[in-house]
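Note that the protein sequences, when read in sequence, are chains W and V. First residue of the first sequence: 45, per the numbering used here; consecutive thereafter. First residue of the second sequence: 45, per the numbering used here; consecutive thereafter. Scroll down for the structure; my scribbles are underneath it.
Protein chains: 2
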Amino acid sequence: MSKEKEITIYDIASQLGLSAATVSRALKDHPAINKHTKKKITDLATKLGYRSNTFASNLRKQKTNTIGVIFHELRSQFMVAVLAGIEKITTEANYDLIIGHSSETYEKEAANARNLFHKRVDGIIASLAFDTEDLNHFAPFVQKGIPVIFFDRVFENSDGAKVIINNRKAGYEATKHLVEQGCKRIVHVTANLKRNVYAERLAGYKQALTEAGIKFKEKYLIINDLTEKASVEAAKKVLAMSPLPDGIFVTNDFCAAVIIQTLKEAKINIPEDIAIVGFNNDVICKIIEPKLTTINYPGTEIGEIVARSLVSHLQGNANMHLTNTIIIKSELIVRASSLRKKLPKNTSKK
Amino acid sequence: MSKEKEITIYDIASQLGLSAATVSRALKDHPAINKHTKKKITDLATKLGYRSNTFASNLRKQKTNTIGVIFHELRSQFMVAVLAGIEKITTEANYDLIIGHSSETYEKEAANARNLFHKRVDGIIASLAFDTEDLNHFAPFVQKGIPVIFFDRVFENSDGAKVIINNRKAGYEATKHLVEQGCKRIVHVTANLKRNVYAERLAGYKQALTEAGIKFKEKYLIINDLTEKASVEAAKKVLAMSPLPDGIFVTNDFCAAVIIQTLKEAKINIPEDIAIVGFNNDVICKIIEPKLTTINYPGTEIGEIVARSLVSHLQGNANMHLTNTIIIKSELIVRASSLRKKLPKNTSKK
DNA sequence: ATGCAAATTGCAACCGATTGCAATATTTTT
DNA sequence: AAAAATATTGCAATCGGTTGCAATTTGCAT
Chain W
45 MSKEKEITIY
55 DIASQLGLSA
65 ATVSRALKDH
75 PAINKHTKKK
85 ITDLATKLGY
95 RSNTFASNLR
105 KQKTNTIGVI
115 FHELRSQFMV
125 AVLAGIEKIT
135 TEANYDLIIG
145 HSSETYEKEA
155 ANARNLFHKR
165 VDGIIASLAF
175 DTEDLNHFAP
185 FVQKGIPVIF
195 FDRVFENSDG
205 AKVIINNRKA
215 GYEATKHLVE
225 QGCKRIVHVT
235 ANLKRNVYAE
245 RLAGYKQALT
255 EAGIKFKEKY
265 LIINDLTEKA
275 SVEAAKKVLA
285 MSPLPDGIFV
295 TNDFCAAVII
305 QTLKEAKINI
315 PEDIAIVGFN
325 NDVICKIIEP
335 KLTTINYPGT
345 EIGEIVARSL
355 VSHLQGNANM
365 HLTNTIIIKS
375 ELIVRASSLR
385 KKLPKNTSKK
Chain V
45 MSKEKEITIY
55 DIASQLGLSA
65 ATVSRALKDH
75 PAINKHTKKK
85 ITDLATKLGY
95 RSNTFASNLR
105 KQKTNTIGVI
115 FHELRSQFMV
125 AVLAGIEKIT
135 TEANYDLIIG
145 HSSETYEKEA
155 ANARNLFHKR
165 VDGIIASLAF
175 DTEDLNHFAP
185 FVQKGIPVIF
195 FDRVFENSDG
205 AKVIINNRKA
215 GYEATKHLVE
225 QGCKRIVHVT
235 ANLKRNVYAE
245 RLAGYKQALT
255 EAGIKFKEKY
265 LIINDLTEKA
275 SVEAAKKVLA
285 MSPLPDGIFV
295 TNDFCAAVII
305 QTLKEAKINI
315 PEDIAIVGFN
325 NDVICKIIEP
335 KLTTINYPGT
345 EIGEIVARSL
355 VSHLQGNANM
365 HLTNTIIIKS
375 ELIVRASSLR
385 KKLPKNTSKK
């Protein structure tokens, strides 16, 4: 209630008979300032409860110390993990975060980009929405020299910086695992193929099939939006197939979990009748019965790495644009939902 | 790359032969400015790609247009839902959000508070960590007249503004439901009783027992931190009890799900041997087998309501401190995990 | 045409921190 | 002890928008 006056460097300066310039330098530990003076200043500053005015500072420095984050969706374990990783690094480096989410639409993604542009963020971290087809909405940043770094959902052929996993390899390993478990009719449930992650996983799926001498069939490819409703429908499609498929590689754990539910309700045995592999290693994998084999997609690490490259780029310690693409390791985690024979020894268990 | 010069109101002013003051007023639609002049100014502004400098503005206005959010944990459906609700409202009202999470420790919560204080947020939305015992770290805000509003985890007897559900009633209904299903030995798994939500739910649990003529037993009260590990241990404790309990009211869905898993592995039938009720209505409720009876705790609505009261307080449209406490409706959702008889007609199904 | 109220616009002083360069103080060197 | 070198500190402009008050213009009645 009592609106006490804010302490400024001028207050400190006058109380100590110094200039504001000296106080400013002392508070940021400038080498030119005498140690003794510095101590007097910092002591008085803490005593008076001084807090630096970010706006004055930003205004003068023409920097915001803020990083913008554009997510396609926040309600997933993976994304929250990424966010936690980003937050850890940016907090350490003293950057603020402004977070926007696109709810998977291009329109909102572009609106978020505009907003962040107006807020003058120093840099952008983004993962694309389902239906984003170009990067024009990021052009203003590029023009102004504001760094943009993508992760997970990216345009592989764009020349922006990006952090991804080898989705093709992950898809390949997931599918190969199903083949090794004896599956012959393997369905692949995935999302919009415009997105690299899904296109690549599909490519890996096809490669594994080809290597196993199994012909890819269009009817075994189910594309949806990974919602609960769509997942139930996907399961029903599978149930309607004849002969029944014996394996499903789903590109998302939640969707896989719902499919397992639906199949179980239809009295399908998992993994005996149909073996299932998911993607992401969400907690849900260990809740669902049987526990879900999946690809571990290390969100926190990805977040940390993305943030770290951006921050060190901003601080001039490294040029993000040189190390254009960073590929993070992912791995297959075998659990009960796909396990028909004994565990192959080249995969991890957890 | 090309660092084009930023357009300022001075550029617009000089190109139009006007003063910066007029441009400033025109851009914020000040009534004193001639309509015709206004149009010329806004037109040129958009043509030049003018973007207002928030720092200069904030510096002058001594406001940040930023709201700070302190969460105890982000990795839960409920919290993300709350966040989504908050974001919706604050974005509409053109406020930025700075989000910090305490990972359930007082220390980090206080650090976040300090940080937000230094960032000079206009207001604070917070939910307390497990081990927070006082609100001293929020005192600086109160002193400066910065509004703080709590939700979910609050101090009930503090005089700050808060948005909560009737946890006692929810706990009562959950327990009563178990009683109605014929349970006699009902375990309650919950977390730190310092937190109102848990203390109140426990009170409701006790009340329902008393009404049913069942004596409360200390050994049926299990307090943990709701992690996966702790949940497994809780389940083991239950399994070690003799006679075996026939009902469990768990204060968190995830924890309940893990307990169900663990009990199932021990060949306990649910709900026949032990009926279980959770809390929150996370998606996990519908994934777990059997599906989990729970209390619906409407996160998005809570977020919206919290944010709305704060925003309208900040805008002077309402005084948050008058409507001190807002209580949101919650409800029991009955699913298979607790259903032994037919559905009582006074509860909803979903 | 003159006077006065109302409508527009401009002046200038903020807001608080930063920083190149100049000025002063302190040490070191000769 | 004077000169030179180094260490400290201060001056003053700058970042861009806001706002109380004054100045100017316009509109309208007399």
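C-beta atoms are modelled at their ideal positions from N, C-alpha and C, and glycine is treated no differently. Bear in mind that the values here come from a model prediction, so they are computed numbers and not experimental data.
If you draw a 10 Å sphere on the C-beta of residue 187/W, you find fewer than 16 other C-beta atoms in it, and that means exposed. Counting along the chain, residue 235/V sits inside no beta strand (DSSP E), nor does DSSP assign it H or E at all.
A distance below 9 Å separates the beta carbons of residue 190/V and residue 168/V. Under the DSSP assignment, residue 207/W falls in the beta strand (DSSP E) whose first and last residues are 205-209. Of all residues in the region 90-102 of chain W, the ones placed with a Cβ closer than 9 Å to any Cβ belonging to chain V are 93, 95, 96, 97, 98, 99, 100, 101, 102, in chain order.
With a threshold of 9 Å between beta carbons, residue 162/W makes contact with chain V. With respect to the 9 Å criterion, residue 333/V and residue 305/W are classified as neighbours on the basis of their beta carbons. Closer than 8 Å at the C-beta level to chain W, one finds no residue of the region 147-158 of chain V. Residue 338/V holds the alpha-carbon nearest to the alpha-carbon of residue 319/V among 328/V, 338/V, 326/V, 327/V. Per DSSP, reduced to three states, the secondary structure at residue 109/V is coil, with no helix or strand assignment. Look at residue 290/V here: in three-state DSSP terms it is coil, with no helix or strand label. Linking residue 52/W to residue 95/V through their CA atoms gives a straight-line distance of about 28 Å. Rounded to the nearest angstrom, the gap between the Cα atoms of residue 238/W and residue 281/V is 50 Å. In the DSSP assignment, residue 297/W falls outside any beta strand (DSSP E) and lies within the alpha helix (DSSP H) extending over 297-309. For residue 104/W, the number of other beta carbons within 10 angstroms of its own is below 16, and it is reported as exposed. With fewer than 16 neighbouring CB atoms inside 10 Å of its own CB, residue 54/W falls in the exposed class. Look at the region 366-378 of chain W: it has no residue with a C-beta under 9 Å from a C-beta of chain V. Listed along chain W is no residue with a C-beta nearer than 8 Å to that of residue 255/V; the closest approach is about 33 Å.
With fewer than 16 other Cβ atoms inside 10 Å of its own Cβ, residue 271/V counts as exposed. The region 217-230 of chain V makes contact with the region 241-261 of chain V; the number of CB pairs closer than 8 Å reaches 3 or more.
Within the model, the alpha-carbon separation for residue 335/W versus residue 383/V is close to 24 Å. Straight-line spacing of the CA atoms in residue 374/V and residue 136/W works out to 39 Å. For residue 118/W, the chain V residues whose Cβ falls inside 8 Å of its Cβ are 124, 127, 128, in order along the chain.
DSSP lists 115/V as the bridge partner or partners of residue 145/V.
Its chain contains 121, 297, 298, 301, 336 as the residues whose beta carbon lies nearer than 8 Å to that of residue 328/W, once the 5 sequence neighbours on both sides are disregarded; these appear in chain order. According to the DSSP assignment, residue 129/V belongs to the alpha helix (DSSP H) that extends over 121-136. DSSP places residue 140/W within a strand segment (E or B) once states are collapsed to three. Residues 108 of the same chain have their beta carbon placed closer than 7 Å to that of residue 164/V, with the five preceding and five following residues left out of the count. For the pair residue 162/V and residue 380/W, the Cα-to-Cα distance works out to about 50 Å. Between residue 116/W and residue 154/W, the gap from beta carbon to beta carbon reaches 9 Å or more. Listed as beta-bridge partners of residue 369/V by DSSP are 206/V. In chain order, 142, 163 make up the part of chain V whose C-beta sits under 8 Å from the C-beta of residue 140/W. Within the region 295-313 of chain W, the residues whose Cβ lies closer than 9 Å to some Cβ of chain V are 298, 301, 302, 304, 305, 308, listed in chain order. Think of a sphere of 7 Å around the beta carbon of residue 332/V: the chain W residues whose beta carbon falls inside it are 331, in chain order. Residue 69/V and residue 99/V have their C-alpha atoms roughly 17 Å apart. In the three-state reduction of the DSSP assignment, residue 260/V falls in the coil class, being assigned neither a helical nor a strand state.
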